[in-house]
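Below is one structure; the comments refer to it alone.
Number of protein chains: 4
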Amino acid sequence: MKHVIFGESHGSAIGVTLEGVPAGLELDCAQIARELARRATGKNSLSTARKESDAVTFLSGVFEGKTTGTPLTAVIQNSDQHSADYEAIRYTPRPSHGDYAGYIQSGGHLDYRGGGHFSGRLTAPLVAAGAIAKQILAQRGVVVGAHISSIYGINDASLEDPTQLQGVAEKDFPVLDDAAGEQMQEAILAVKAEGDSVGGAIECVVTGLPAGLGAPDFGCNVEGIFSQYLFSVPAVKTVDFGAGVDFAMMRGSEANDPFLVRDGKIVTKTNYAGGINGGITNGMPLVFEVTLRPTPSISLPQESVDLRTGEETEIEINGRHDPCIVHRAVPVVEAAAALASCALLGI
Amino acid sequence: MKHVIFGESHGSAIGVTLEGVPAGLELDCAQIARELARRATGKNSLSTARKESDAVTFLSGVFEGKTTGTPLTAVIQNSDQHSADYEAIRYTPRPSHGDYAGYIQSGGHLDYRGGGHFSGRLTAPLVAAGAIAKQILAQRGVVVGAHISSIYGINDASLEDPTQLQGVAEKDFPVLDDAAGEQMQEAILAVKAEGDSVGGAIECVVTGLPAGLGAPDFGCNVEGIFSQYLFSVPAVKTVDFGAGVDFAMMRGSEANDPFLVRDGKIVTKTNYAGGINGGITNGMPLVFEVTLRPTPSISLPQESVDLRTGEETEIEINGRHDPCIVHRAVPVVEAAAALASCALLGI
Amino acid sequence: MKHVIFGESHGSAIGVTLEGVPAGLELDCAQIARELARRATGKNSLSTARKESDAVTFLSGVFEGKTTGTPLTAVIQNSDQHSADYEAIRYTPRPSHGDYAGYIQSGGHLDYRGGGHFSGRLTAPLVAAGAIAKQILAQRGVVVGAHISSIYGINDASLEDPTQLQGVAEKDFPVLDDAAGEQMQEAILAVKAEGDSVGGAIECVVTGLPAGLGAPDFGCNVEGIFSQYLFSVPAVKTVDFGAGVDFAMMRGSEANDPFLVRDGKIVTKTNYAGGINGGITNGMPLVFEVTLRPTPSISLPQESVDLRTGEETEIEINGRHDPCIVHRAVPVVEAAAALASCALLGI
Amino acid sequence: MKHVIFGESHGSAIGVTLEGVPAGLELDCAQIARELARRATGKNSLSTARKESDAVTFLSGVFEGKTTGTPLTAVIQNSDQHSADYEAIRYTPRPSHGDYAGYIQSGGHLDYRGGGHFSGRLTAPLVAAGAIAKQILAQRGVVVGAHISSIYGINDASLEDPTQLQGVAEKDFPVLDDAAGEQMQEAILAVKAEGDSVGGAIECVVTGLPAGLGAPDFGCNVEGIFSQYLFSVPAVKTVDFGAGVDFAMMRGSEANDPFLVRDGKIVTKTNYAGGINGGITNGMPLVFEVTLRPTPSISLPQESVDLRTGEETEIEINGRHDPCIVHRAVPVVEAAAALASCALLGI
């Protein structure tokens, strides 16, 4: 299944074109809407005030409620744009946003309004595509789940078992430990009050993938396939499998996952490898964590350069921005993981 | 430039086939040999005792000392194999090695001797390919450098400026701070004495890439392109751009890189973004770190399962193994980064 | 530039998603409309009576009249569908149409109405994409032109020089020799009167491509690249470069194109090779011909099988069909060639 | 399965790297040798006098006689090169050979000796790869066969049924009708005596492919997939499915293949479509024909241009050349078709 996400934040519509969707899947549109609602704004004071209509329309690839196997294009109309907010920053790029790099890449022809194609809004069609992928995976017993693992240094409880993720997707603030979640939300509101933003991390688990998928080779290994999907989620700057960065402090005797037999099946006692050995699934849950940088759009004054004059200048960003996008990114990371899982399964 | 690495540790030869090499490059074979020497074994007591002949032969794609632009196949003969060492583990997979996953993936048809296609030996042709990539990049002013950033929790000095990497490639133990390097080596020898192994991390920098390469989209963003190359290096379990995992503890006001003008050029004051905004290069050095897990091959007894009987068993691994592969992996990570840089430049 | 054509004949809309469009192209929408008008129906009694609204809407990738370089999705709404016409053939596939093969491929889940995704209507977004490609090529001096070379055995005049194609695109019936064109139209009307259809051939020329593009290798040779685009045009069953099938009756001394110098430039005296030697452009005009099979939808009674009962049956096709699609396919073949030319140029 | 053919005619070796070979295939090396013998030179006076050693060595991907599923590199050493023969044509390209286009493409850095990478010799590794593909296909009941359909206007008997191809592969001159084959050989010897060459055509059939493979879309349709493989065979200038160019003279009522039920299976009465409807297999034999241009290397004097001086000049080609390569190309076309069939089957 190949996907192309298209659209700009303040264009007429955003969407996704999917190739290779298996034919005959009875689309559960309510489930797609639920996934989109998980990433939607305006649920509480933690998020941007922009009200988005995220109703998905299928232009193609669906007939009598089922997928036809032909290219499927799903569209979400844009609305409630405040384009005027962005005129001021057209030639004064916001630090650490895609503005400057995108300006150079496009020769100045990018749609600068609302972040254009770089906007977090573009994660809505990704979530829609991921929802379809999840339905395909469900038929094969593959389940994707995630939780916020940390925000601004505040950690969620450790995930010892994938079953702990049950019910987390339904929470407004998807953590294992709601008390930790409260602290995270307080931290977000505190930085919001100061016109600032914070980053965090999301841990994701895919269960049900059989052993033997992938290969050690370039383009075929599980880590490489997943990371390509995960790094296409805006703000993701680290992808970390199993024990991840902690491996740098471990011995082999600690890090190795001994093989055992449980219920007639070969499993590993621990899962530091995150379900992957030699670039191939080993049948254990696939476990990885992504780190998301703080939202670059903050209302504090920042140093920039006027691209017309080449002179340094100070900017203040107006518009409506999220002080933290980690909680909204949980279904987005799941969507990326669902699409990656399909790729791994040859779907 | 596409590459396919082929070969097995105890097969007749290993090598790489490269498509899309620019024509007319005068190959510097001495430089290729130097890069291979950097990853070679037997330099000191830190590494496996296997003596490898890493002489590269070009079967195609080179004529009168220059590349022809046609597919280039480079081959390295294997020698000094002790295949008998591996008979014992044919059906009792080593924990956290590719043995079990590869056995399932291949239906039991993998070449199990010396790790077969999963062997670290396969990084030799990757280094050869990377050496060619470095020569192509050099003509465009692009330079790749790296250092060990930590081993078993012992950190090298911080890299404040890419110029600090000059001369590191020539060191036997490629660190910025040789005192830290001494401690790392002591740690390695200590775990080796106990039949154990350790992991670590490597920081890599690419300078000279122009702003405007890449795109935010799936398959096009800089992080996704690089990570696919980096995760094809055995043992890499984390890829981390710029501030990486630290972003989870930062505010936007700390993490944002202000724009400045220096010598008439737009630069950023800091480089927490690692040279990438919105999936596109911003003209600053590309900075990333990879974490490598401890070598799974340790001589301590470990729990495994006999694949023939399905019964649990204890194994002890003989053969010659590295207690740490981080120092040898430095040129390998550089090679992966050089190939990724070529991909980013459309080469 | 990658493209995905989506939609079904009787769905809500059809369209195309294009990735990799160069940024900053000032879109000439009138030219796109003109190209679409060339393939539109209802111009005369030669074509289906279906009236199609072919107005193109851009959902993304265009800002202030110029391309942004981000994925561009163009949509054409469907209208004037007579879906009831097709109920009768839902389970009795039309001979030589995609019905049966598509039924098997999709497990019976295809949209059978009006040919669904197999409909010739899907060539409208292909023409729109090709029109954009032509605008990109025009900036590089590359021009694509074509004419009907034969219909039902009636041949157009030979194309001796690409300049003969000037003005042909503006003709209602795009031939070099209008007298031959008259005969072709009479032949079409004659078979139409009998409820039958006819096939034909289109010759296409691309001028302005520099020498040295392509390679002999799989996936890189000019013929292979072009044929992939050309065979995605419905009804095309042959792709033929230069002298094509006539090569089977020629000697080397006849078929070889001698090298000459004209105006200080190396050219060939003849162009039997169609501008391609060894899979690489040689700087001469690229010349190829495609053969299109007769429209499979005819109103004469035909033998089919009822897919529900597995029993043989006779069908008569109602609905509105073209007795010949060759004249309407001329801009479609040009569009495919324009996209292929962009691919060859690395765009 | 992806393949890369590497090597130059007068380099040290030629070969192929195959990715994605299914694991566990017991390689029949005798069959590979037989296929290579079918394309070998020196069988009779029809072919070049160059004696080639076509022994295949596997560098990787094979263990204990079976494929491992890892990248497989097969190598054939070069020998009996007469490189000096080619010095004279280094800067005076042979008309209609790849010399000039390749010179421009490589900036003059191609290996000009013996045609370098453009040499027909490079079809040996293609045949080796195809032989492996045939073994994979045989396990799935898919069989590829071909015959010379015409040479210099002399036609072989019509192929009415794929079973006629049995035994043709074993013939020295692979035709259905040996009397026609005698005439073809006489024609070849006659032009050879005059220092000239001739072209021809090959018809190929693939049986056993199930209905429902492929799609109408770009990159997915059967014709597009096959043509990409077929046009990578040197000298192929036309690819023609089913009735091919004859469709231009047919009516729908003649060209349509009626559906019937035979032995409980849906088949078509005729097979003008060549087994493909709407870009998808319909379960009938896949039938296509390729036209091969006359060998451009002839010993008659020809007009060329000296690339150093830019002046016109006359050349005479020495060296050993085939007056016709059609008979030797039969196993090459089968190899390309076998690889394409694997691609279609998702192997």
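Chains as they are written, first to last, in the numbering used here: chain B, 5 to 351; chain D, 5 to 351; chain X, 5 to 351; chain R, 5 to 351.
Ideal Cβ positions, reconstructed from N, Cα and C, are used throughout, including at glycine.
query: Beta-carbon spacing of S13(X), G120(X) below 8 Å; result: yes
query: For A17(D), three-class secondary structure by DSSP; result: strand
query: Proximity below 8 Å, CB of I201(X) to CB of P298(X); result: Correcting the residue type first, residue 201(X) is Ser in the shown sequence and not Ile. Result yes, Cβ atoms of S201(X) and P298(X) sit closer than 8 Å.
query: Same chain, Cβ closer than 6 Å to T295(D), neighbours up to 5 away in sequence not counted; result: A205, K241, T242
query: For S110(D), the first and last residue of its enclosing alpha helix (DSSP H); result: S110(D) -> no alpha helix (DSSP H), and no H or E assigned at all.
query: Buried versus exposed call for R312(R) [16 or more other C-beta atoms within 10 Å across all chains shown]; result: exposed
query: Paired residues, beta bridge with S308(R) - DSSP; result: T317(R)
query: Rounded separation between V265(R) and N275(R) - CA only; result: 14 Å
query: Same chain only: Cβ atoms within 6 Å of G28(B), ignoring 5 sequence neighbours per side; result: K70
query: C-beta neighbour in chain R for V143(D), strict 8 Å; result: It should be pointed out that residue 143(D) corresponds to Gln in this sequence rather than to Val. It does not; no Cβ of chain R falls within 8 Å.
query: For L343(X) and G212(X), the rounded distance between their alpha carbons; result: 15 Å
query: Nearest to V79(X) (by Cα), restricted to the options A219(B), R94(B), F62(B); result: F62(B)
query: C-alpha distance - C328(B) paired with D250(D), whole-angstrom precision; result: 15 Å
query: Alpha-carbon to alpha-carbon, G350(D) and P214(R); result: 39 Å
query: Contacts of Q109(D) in chain R (Cβ-Cβ under 8 Å); result: A27, G73
query: Option nearest A339(D) by Cα separation, candidates E315(D), R43(D), A59(D), V25(D); result: R43(D)
query: Straight-line Cα distance separating A17(X) from Q81(X); result: 4 Å
query: Short CB-CB distance (under 8 Å) between H14(R) and chain X; result: no
query: Member of Y107(X), D58(X), T77(X), S57(X) whose CA lies at the smallest distance from the CA of S440(X); result: In this structure chain X extends from 5 to 351, so residue 440(X) is not present and cannot be described.
query: F292(R) (DSSP reduced to helix, strand or coil); result: strand
query: Per DSSP, cross-strand counterpart(s) of H151(D); result: E207(D)
query: Closer than 9 Å at the beta carbon, the chain B residues around T127(X); result: Simply none; closest approach about 15 Å.
query: Simplified DSSP assignment, three categories, for T167(D); result: helix
query: Beta-carbon proximity check, D245(X) vs Y233(R), cutoff 8 Å; result: The question names Asp, but residue 245(X) is Phe in the sequence shown. For F245(X) and Y233(R), no; Cβs fall outside 8 Å.
query: Beta-carbon proximity list for G278(B), same chain, < 7 Å, skipping 5 on both sides; result: F245, G246, L290, V291, F292
query: Chain R contact for G278(D) (CB, 8 Å cutoff); result: no
query: CA-to-CA distance, I140(X) to V31(X), given in whole angstroms; result: Correcting the residue type first, residue 31(X) is Leu in the shown sequence and not Val. Going from the Cα of L31(X) to the Cα of I140(X) covers about 10 Å.
query: Every unbroken beta strand (DSSP E) inside the segment 224–260 of chain X [3 residues or more]; result: 240–245
query: Through-space distance from A128(B) to S167(D), alpha-carbon basis; result: The amino acid occupying residue 167(D) in the given sequence is Thr; Ser does not appear at that position. Straight-line Cα distance between these residues: approximately 42 Å.
query: C-alpha distance - T317(B) paired with Y90(B), whole-angstrom precision; result: 16 Å
query: Residue-chain proximity (A183(R), chain D), Cβ-Cβ < 8 Å; result: no
query: Beta carbon of P238(X) nearer than 8 Å to that of G124(X); result: yes
query: Alpha-carbon to alpha-carbon, A194(R) and Q306(R); result: 20 Å
query: C-beta atoms of N281(D) and G102(B) nearer than 8 Å; result: yes
query: Outcome for E164(R) when other beta-carbon atoms lying within 10 angstroms are tallied against a minimum of 16; result: exposed
query: Secondary structure of V179(B), DSSP reduced to three states; result: coil
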